[in-house]
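Protein chains in written order, with numbering that gives the first Met the number 0: chain A, 0 to 497; chain B, 0 to 327.
I have placed the structure first, in the form of structure tokens, so that the comments after it can refer back to it.
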Amino acid sequence: MTQETSPPFIAMKGIVKRYAGVTALGGVDFTVAPGEAVCLAGENGSGKSTLIKILAGVEQPTEGEIRIDRALAGRLDPRVASNAGIMVIFQDFSLFPNLSVAENIAFASQLAAHRSFYARGEARRVAKAALERIGVDIPLGARLEDLPVAQKQLVAICRGLASDARLLILDEPTTALTEREVRRLLDIIRKLKEEGVAVIFVSHKLAEVLEVSEKVVVLRNGEKVAEGPAAEFDAASLTYHMTGREVAEAAPAPLAPGAETLLTVENLSKDGSFRNVSFTLAKGEILGITGLLGSGRTSLAKALFGLVASDAGRINVNGQDVPLGDPIAASEAHIGYVPEDRLTEGLFLTQSIVRNVSIGRLDAHEASGFLNRKSLIGEAADWLQKLKVKAPQIEAPVQSLSGGNQQRVALARWLARAPQVLILNGPSVGVDVGSKADIHDIIRELATSGIGVIVISDDLPELLVTCHRILVMRGGEIVDETAAADTSEDDLAHRLAS
Amino acid sequence: MKQLLTRNETLVALVIVAFCLVGTLSDPLFFTVTTLSDLLRASIVIGILAVGCVLVLISGGIDVSFTAIAVFAMYATTIFTLGVWPDMPWPLIFLISIGIGAALGAVNALFIAGFGLPTLIVTLATLSIFRGFLLTFVGSDRISALPPEMRNFSRLVIARGNTEAGNFYSLPWAFAALVLVIVLTWFILQKTMLGRSIYALGGSVESARRIGVNVRRTQVFVYVYVGALAGLAGIIHGAMGRMADPFSLVGLELSVIAAVVLGGARLIGGYGTITGTLLGVGLIVLVQNSLIVLGIPSSWQTATIGLLILLGTGIPAYQAKRAAARAG
């Protein structure tokens, strides 16, 4: 490895950050060298976001020194950081949906050059060069809002490159990507590293980025608890350092033989999305459905709950046919659906936690036209407790919670409705490792209590530890079916892609 | 090609063409230079206001106070000119009105960029405040004895004459002001970093801030510029109408916003073009001036405009929704 010999690009020493008496960082040392990739791991609240904000110049450290190219940096504000080549690719990318790809890439660099006039031709040249540098082909004139997530991320990376990035900080870069897109991203990162660009990954899904990282730094409660060459870490040891406890997951209890069938899906089809999908789900069974992006898994999930109107087929719960394309009817048939994107589809972010849970139960607490607020809120609070939602107060807005706790709130809302079939689309997307294991526990418990659960995910280890049976989708059809016990991650990945 | 068909601009242009066809079929005199000059004349004031309005919508805000600014600037300038120097040359009169408009726009900017208040609430408030202040402290009498230079301005024409059929037509120089405003605003929006920053702001304020756009300065520019355009539109309105009427213009803001929205600007910000805005203005002016020709009572004007908005913005929105549903 080269990082021992080359001087660090960034060296942070004894960084302390306190917010109104709360210590977010308690004296952390951190270095990154040119061409080095560092994996910065930690759960929510570990201080990793604070560290990144200090690097980006958004927050000022209370104590400690920062050296850039060995020179002591004074006050690091966003402009100084960006002039030094520190570029943060935020999780939301911070792009402009209404502007073209070229303009999104070149805008920041033209702003930084203090131009008065917008040079369209040069913007296209700069954008083209940046795209070529990472070897991808995205139409320069396309509107950003029309691009899929993975391409938006590449545009964000190109924007950093166009501004002469020397350090790319990628915040949760793999959350919204499928396996194949992650591979491609990692190839690009490798290429940039060879050109001397340093990279910091801030990630929950760590196993994926370990292979391109030289070094791992783990933070917990504002302290650095582990640091070392990436080769010495694996998913299990990372999880241990991040959570401070062993998180071992066991497969679900085997399904009772002769469990009665709960849900029957027959020849469900939707033109352009999926074809002839048939399967059954038994009481207490956890069924995984997986597939690459575009395999139709998300459309199928939505169709089961009526959010996408199927063209043909039959959905039957407990012997009763459920009308297609009608979420209210699906809900009345005791089907529950927790969407993939909690932020836009699942929760009322600015409203209180308790309201988010109780919203699905308004009808049950109504007497002659009036709402019994007391019983409504009491019930919601019960569920929050059962699912161990860590919230300072139940009146706080849902957006103040961590990803894991938000997901529990979304779950609590459905559980309050006593569903018989629960569809979970990407149950642990954007959730940190500790919470993820807890959510998996909850899923297994739900199944034990007799609910039929469908887990839709492309997180293969997740499927292996939660499901009894796994269906593989490709090109809109179910092409494979296997018992979770009979397969492995590699085998499953092979079945997905072949 | 498919994208071209689903754009608002194309739809509005098609409706305009259809309108003209029906107009020509029902009245042979419809398709004449006279009608054209009438329409162009009628589009000057609403056009200048609409160009300002689209700028605000692109930046992600909304302004309903510009008509109040326009009438305030026009009336205050007239009173000032009559009291101080009745023979003031018209370019100076125009500059004063534009200056008053810009100053009132700066009041909006103070609350929006300075204190970060919501644009609709601020401009709803200033709409009432500017108007109330005008009628209470500046005056509420209609003035038909305008400064002579304002009358002289309204008599300056680019072209005038009689058609072969004997119909009179004229196109005033005031129309050049609209052209100037269009060219200048198009240049700012498309060719300057300031203009692109306005689009960026409408796309995402947070992202704009993160990459170093001076959000506050950009917003100040937007509201001051719109105020200045309103001042210009106001004084032209007074001069062309040969009367300074403090009760005029206010109420026109919804038609202007309608024209802008018809032209494809989105209320969420980030989207809107000068071309679309002009087409929207063209359609609104056509409806307001030509429904009579089609045998539709003029009381149906507003209803027609409403229907056009529903269709003009509804069809592309519905198509987008269908496309999204298909994609799953």
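For glycine and all other residues, C-beta sits at the position ideal for the given N, C-alpha and C.
Would residue i be called buried (16 or more neighbouring beta carbons within 10 Å of its own) or exposed?
| i | result |
| --- | --- |
| I197 (chain B) | buried |
| N107 (chain B) | buried |
| P27 (chain B) | exposed |
| D457 (chain A) | buried |
| G362 (chain A) | The identity of residue 362 (chain A) in the sequence shown is Asp, whereas the question assumes Gly. Per the 10 Å Cβ criterion, exposed. |
| E480 (chain A) | exposed |
| F136 (chain B) | exposed |
| T122 (chain B) | buried |
| I378 (chain B) | Residue 378 (chain B) cannot be examined here, being either before or after the span of chain B that is shown, 0 to 327. |
| N97 (chain A) | buried |
| I314 (chain B) | exposed |
| S427 (chain A) | buried |
| L179 (chain B) | exposed |
| T162 (chain B) | exposed |
| I188 (chain A) | buried |
| G368 (chain A) | exposed |
Taking only the alpha-carbon atoms, compute the straight-line gap between residue i and residue j and give it to the nearest angstrom.
| i | j | result |
| --- | --- | --- |
| R159 (chain B) | D62 (chain B) | 36 angstroms |
| E488 (chain A) | L463 (chain A) | 8 angstroms |
| K47 (chain A) | R182 (chain A) | 24 angstroms |
| I453 (chain A) | G425 (chain A) | 10 angstroms |
| Y224 (chain B) | T80 (chain B) | 23 angstroms |
| G327 (chain B) | I304 (chain B) | With a pLDDT of 46 at G327 (chain B), under the threshold of 50, the modelled position of this residue cannot be trusted, and the question is left open. |
| G165 (chain B) | A41 (chain B) | 21 angstroms |
| A176 (chain B) | L183 (chain B) | 10 angstroms |
| V14 (chain B) | I88 (chain A) | 45 angstroms |
| E231 (chain A) | T238 (chain A) | 13 angstroms |
| L75 (chain A) | K387 (chain A) | 40 angstroms |
| M171 (chain B) | Q218 (chain B) | In the sequence as displayed, the identity of residue 171 (chain B) is Pro instead of Met. The alpha-carbon atoms of P171 (chain B) and Q218 (chain B) are separated by roughly 33 angstroms. |
| I104 (chain A) | A380 (chain A) | 47 angstroms |
| A409 (chain A) | H236 (chain B) | 57 angstroms |
| L291 (chain A) | M472 (chain A) | 8 angstroms |
| F132 (chain B) | A124 (chain B) | 12 angstroms |
According to DSSP, simplified to helix, strand and coil, what is residue i?
| i | result |
| --- | --- |
| T349 (chain A) | coil |
| S277 (chain A) | strand |
| K387 (chain A) | coil |
| L290 (chain B) | coil |
| V255 (chain B) | helix |
| E222 (chain A) | strand |
| Y117 (chain A) | coil |
| K16 (chain A) | strand |
| Q2 (chain A) | At Q2 (chain A) the pLDDT is 45, less than 50, meaning the model places this residue with poor confidence and gives no usable figure here. |
| D28 (chain A) | strand |
| V408 (chain A) | helix |
| A395 (chain A) | coil |
| A308 (chain A) | coil |
| R473 (chain A) | strand |
| N43 (chain A) | coil |
| R216 (chain B) | helix |
| E284 (chain A) | coil |
| D485 (chain A) | helix |
| C466 (chain A) | coil |
| E58 (chain A) | coil |
| G327 (chain B) | Bear in mind that the predicted position of G327 (chain B) carries a pLDDT of just 46, short of 50, making it unreliable; the figure below should be weighed with that in mind. In the structure shown, G327 (chain B) sits in coil (DSSP, three-state: anything other than H, G, I, E or B). |
| S272 (chain A) | coil |
| M11 (chain A) | strand |
| E248 (chain A) | coil |
| D479 (chain A) | strand |
| I210 (chain B) | coil |
| M0 (chain B) | Annotation note: pLDDT 41 at M0 (chain B) (below 50); position unreliable, no value reported. |
Return the Cβ separation of residue i and residue j in integer angstroms, given the expectation that the two are a contact with Cβ distance under 8 angstroms.
| i | j | result |
| --- | --- | --- |
| G226 (chain B) | A112 (chain B) | With 8 angstroms as the limit, G226 (chain B) and A112 (chain B) do not qualify as a contact, their Cβ atoms being about 13 angstroms apart. |
| G221 (chain A) | L267 (chain A) | No, G221 (chain A) and L267 (chain A) are not in contact; Cβ-Cβ is about 50 angstroms, not under 8 angstroms. |
| L375 (chain A) | S357 (chain A) | 5 angstroms |
| F95 (chain A) | L143 (chain A) | 6 angstroms |
Continuous alpha helix (DSSP H) assignments of at least 4 residues falling wholly in the region 112 to 177 of chain B: Look at the region 112 to 177 of chain B and you find these whole runs of alpha helix (DSSP H), each 4 residues long or longer: 118 to 132 and 147 to 154.
Runs of 3 residues minimum, wholly inside the region 312 to 380 of chain A: which ones carry the beta strand (DSSP E) assignment? 334 to 337, all fully within the region 312 to 380 of chain A.
I'd like the ranges of any beta strand (DSSP E) spanning at least 3 consecutive residues and lying wholly in the region 151 to 227 of chain A. Segments of the beta strand (DSSP E) lying fully in the region 151 to 227 of chain A: 166 to 170, 197 to 201 and 214 to 219.
Contiguous beta strand (DSSP E) assignments of at least 3 residues, all confined to the region 40 to 104 of chain B: Listed in chain order, there is nothing to give.
Ordered list of alpha helix (DSSP H) runs contained in the region 67 to 115 of chain A, each at least 4 residues: 77 to 82 and 100 to 111, all fully within the region 67 to 115 of chain A.
Which residues, in order along the region 104 to 120 of chain A, keep a beta-carbon less than 7 angstroms from a beta-carbon of chain E? Within the model displayed, chain E is absent; protein chains A and B are what it includes.
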